[in-house]
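FYI, the numbering for the sequence shown is 0 to 114, going by numbering that gives the first Met the number 0.
We put the beta carbon where it would ideally sit given N, CA and C, even for glycine.
Following: one structure in structure tokens, then a few remarks.
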Amino acid sequence: MPTDAPTPPTDAERFELELEFVQALANPAYAHFLAVEGFLDDDRLIQFIHHLQYFERPEYARYVLYPHALAFRRALTSRRFRRAMANPRFARRCAETQRATWARGPGRGARDVDA
0 MPTDAPTPPT
10 DAERFELELE
20 FVQALANPAY
30 AHFLAVEGFL
40 DDDRLIQFIH
50 HLQYFERPEY
60 ARYVLYPHAL
70 AFRRALTSRR
80 FRRAMANPRF
90 ARRCAETQRA
100 TWARGPGRGA
110 RDVDA
């Protein structure tokens, strides 16, 4: 009897999926969407965000194209920050701060995001 159960991803596929998700966190509009839609209230997602901490280690961080993704991943472990991201003004402020950091150029003191 054939089953339609999906095949679990390989380790390489899982890594790619997790890398794609962690990089999406660099987008304040996406973090705002997750907050507004209630995804950031789901303990399973918060546990997953904690799981993604391994991307902070140099052997994994080298794959992350958007360093702000790591700052947002850390910030999203804070309940206060998750709640603040539901506020459109706060999300816009995060985006503006991010753009200002990019405008300063590399090595010019990028700061972590904080609520």
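Own chain residues within Cβ distance below 8 angstroms of residue i, not counting five before or after
i: Pro87; result: His31
i: Val21; result: Leu51, Phe54, Val63, Ala68, Leu69, Arg72
Whole-Å CB distance - residue i paired with residue j, under 8 angstroms assumed
i: Ala34; j: Arg81; result: 6 angstroms
Residue i vs residue j beta-carbon contact at 7 angstroms
i: Ala124; j: Ala28; result: Past the boundaries of the shown model lies residue 124; the chain is included only from 0 to 114, so the question cannot be answered.
i: Leu75; j: Ile48; result: yes
Below-7 angstroms beta-carbon distance, residue i vs any chain B residue
i: Arg78; result: No chain B appears in this structure, which consists of one protein chain only.
Same chain, Cβ closer than 7 angstroms to residue i, neighbours up to 5 away in sequence not counted
i: Gln97; result: Pro27, His67
i: Ala102; result: none
Cutoff 6 angstroms; reference residue i; Cβ partners in own chain excluding five residues on either side
i: Ala85; result: Ala34, Val35
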